[in-house]
């Protein structure tokens, strides 16, 4: 306990709990969109937990700084829409393609330069357009299940005012209790067992790689890795960015055939391990990340249990929890997209085209939103110069 004080262990546990509570439901939806059954999803959750645990422990123990990894929640949200109607083999192909691009960016040092090519406002607008449906689904679910979803919303609001970090966890707990009391929890599907991840051979479909793989890669880099690295720097820690991309992208690439769609540098949950609450001595806070890595491994071992819980709970519960978890990301993306009045028109075009769900030539709306916004940005920028 001298080496790992209770506050340090607790910080690691809370970071993992918040991460899973905030987006496990979204991961479940993304896997289901690709046609994965409960057994396959359980294997994916096992692989994700083990991969995040391994990467967190490796980077933290190597650099002796609190480096926490996570899956890409915005990326998973994109996959919920992008993987509709595709095969599991094609989904794995998308994972391998996107993770290979991340490794390439790390090896060549293109990460910073790539982020400068695409205006930040357009990337944020594309993300907001992708996530819009989750916010709409959350509040639409009030109509079909007012008691369950209403109690989750009230719990989220009360705790958001008192302890914002735990608002989503409160919604999860209250929603679960409401599901039990109303008889909506299908307890017969619950089971506790280790599920071995299953290897799935990839299939590479060019239109799918363009329409889903490239937007997924951009969202992961702009909305997960970039904020994660910024959070580290803001907390007073540093590590070679290219090395972080190679390690996280490489581990994700290795585990991709087993359902690991991404491993990124965490931002929100990492801040928990990098805060004074984790340890009063900044040089000792890496131990909180080590603690989180251990809890990630445990979560991976019980990945089948997490998946069975998702399947046992009503769809309205999943939709409300996902929507509440993404509210901050949606609002933050809109603020960033519309902050610069010179880029606002291009950003709103990106947002609307992406949110429309339009598919052209087999390519999805996220890509076309970025294209339409990019054309508007270039034309309007040229007009202002002349």
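In this note's numbering, the protein residues as written are 1 to 386. Backbone N, C-alpha and C fix where the C-beta goes; we use that ideal spot for every residue, glycine too. Quick caveat, the model's predicted, so the values are computed rather than measured.
Here the C-alpha atom of residue 16 lies approximately 7 Å from the C-alpha atom of residue 295. Between the alpha carbons of residue 77 and residue 366 lies a distance of about 12 Å.
Residue pairing by DSSP places residue 265 opposite 69 in a beta bridge.
Within its own chain, the residues whose Cβ lies closer than 7 Å to the Cβ of residue 380, once the five positions on either side in sequence are excluded, are 345, 346, listed in chain order.
Residues of the same chain with a CB within less than 7 Å of the CB of residue 202, apart from the 5 flanking positions on each side, are 89, 92, 93, 96, 257 in chain order. Just so you know, the alpha carbons of residue 157 and residue 104 end up roughly 42 Å apart. Between the alpha carbons of residue 223 and residue 122 lies a gap of roughly 12 Å. The beta carbons of residue 4 and residue 275 sit about 16 Å from each other, so the pair does not count as a contact at 8 Å. The C-beta separation of residue 267 from residue 260 comes to about 19 Å, leaving the pair out of contact by the 8 Å criterion. Straight across, the Cα-Cα distance linking residue 109 with residue 263 is about 18 Å. The beta carbon of residue 349 sits closer than 7 Å to the beta carbons of 372, 373, 376 from its chain, once the five residues preceding and following it are set aside; these are given in chain order. According to the DSSP assignment, residue 160 belongs to the alpha helix (DSSP H) that extends over 146-162. Under the three-pair Cβ rule at 8 Å, the segment 334-344 does not count as touching the segment 162-176. In the structure shown, residue 110 falls within a coil segment according to DSSP collapsed to helix, strand and coil. Counting the other CB atoms within 10 Å of its CB gives residue 37 a total below 16, which places it among the exposed residues. A straight line joining the alpha-carbon of residue 144 with that of residue 70 spans about 33 Å.
Annotation for residue 100: 253 place their beta carbon closer than 7 Å to its own, counting only its chain and skipping 5 residues before and after. Assigned with DSSP and collapsed to three states, residue 99 falls in helix. Secondary structure at residue 319: helix, using DSSP grouped into helix, strand and coil. Check the Cα spacing between residue 168 and each of 151, 184, 181, 182: the tightest is with 151. One thing to note: residue 312 has its Cβ no nearer than 8 Å to the Cβ of residue 60. Exposed is the label assigned to residue 382, since fewer than 16 other Cβ atoms lie within 10 Å of its Cβ.
Going by DSSP, residue 248 is part of the alpha helix (DSSP H) stretching over 241-255.
The alpha-carbon separation between residue 28 and residue 170 amounts to approximately 20 Å.
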